[in-house]
Structure formats: structure tokens, C-alpha cells
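Q:
Residue numbers (the working numbering): 50 to 174.
#1: Between which two residues does the alpha helix (DSSP H) holding residue 73 run?
#2: Counting beta carbon pairs with one atom in the region 73-83 and one in the region 95-112, are three or more of them shorter than 8 Å?
#3: Of the choices 139, 126, 134 and 141, whose alpha-carbon is the least far from that of residue 73?
#4: Taking the alpha-carbon positions, what's the residue 69 to residue 150 distance?
#5: Since residue 137 and residue 120 are thought to touch, with beta carbons under 8 Å apart, how far apart are those beta carbons, to the nearest angstrom?
#6: Relative to the alpha-carbon of residue 110, which residue among 97, 96, 82 and 126 has its alpha-carbon at the smallest distance?
Printed below as a string of C-alpha cells:
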């Protein structure tokens with residue numbers, strides 16, 4: 050505890066900035082992905098739902114990381130150039146509604162061959 054009292058102003062601001070990113074991540078998980086809307090009543094179901102929500106959040110950010118260009122912010126904020134989680138979700142939703150989406154993500158067949166989705170669903174089940 051004594052070491053926290055000796056931090057510089059710059060270090061305090063950096064720590065607070067990191068804390069804000071964590072809080073923002075929890076907000077995305079609860080409100081944007083829907084982890085707080087669970088109707089589950091037993092512990093295992095709640096855990097599965099939360100794991101599935103965290104997987105969806107992680108896949109969204111992996112998708113964002115692989116974009117060649119940063120998406121344009123839908124809601125511009127003065128002084129901010131980075132995109133928001135909702136911007137990525139919008140791009141994914143638009144891609145899913147594209148007629149060419151089945152080429153990228155084929156419809157489920159009766160014999161899936163260890164697809165990424167199948168493996169991830171087994172992990173959270």
C-alpha cells in the first residue's frame with residue numbers, strides 16, 4: 050500500500066486510464082453483449098451464459114484487430130479518433146446480412162468438421 054502513495058501524477062493517470070478501459074469492457078459485456086439479461090436460474094447455466102458472452106466479446110475484438118482500416122465512428126466524440134465497440138458490432142451485423150455471407154460462413158451442415166464455432170461452443174457449454 051505504501052508504494053501507491055509514492056506514485057507520480059503521470060503514473061496515477063496511467064493507472065486510472067487502465068481502470069477506465071476495464072470498466073468500459075465490463076459495460077460492453079453487460080449491456081452491449083447482454084450478459085446482464087440472462088434468465089438462467091442455476092449456477093452452471095449462469096456460468097455458461099457469461100462464458101458465451103465473454104467469447105462473443107473476445108471474437109468481436111479479434112475481428113476488430115484484423116480489420117485493415119479502422120472503422121469510422123458512428124457517434125463522433127471530439128478529441129477521439131479510436132473506434133468504439135458498437136462500431137465493430139455494426140460492421141459484423143452488416144456483414145452477416147450481406148448476401149455473400151454464406152460464402153464466408155457456410156450454413157451449418159449435419160456433419161460439422163471441428164469448425165471454430167463448434168470448438169468454441171463446446172468450450173462454453
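Ideal Cβ placement from N, Cα and C applies to all residues, glycine included.
A: Based on what the coordinates show:
#1: Segment 58-76, the alpha helix (DSSP H) holding residue 73.
#2: At 8 Å Cβ cutoff, the stretches touch.
#3: Residue 73 has its Cα closest to that of 134, out of 139, 126, 134 and 141.
#4: As the crow flies, the alpha-carbon of residue 69 is around 35 Å from that of residue 150.
#5: The pair is a contact, with the Cβ atoms about 7 Å apart (cut-off 8 Å).
#6: Here the closest residue by C-alpha is 82.
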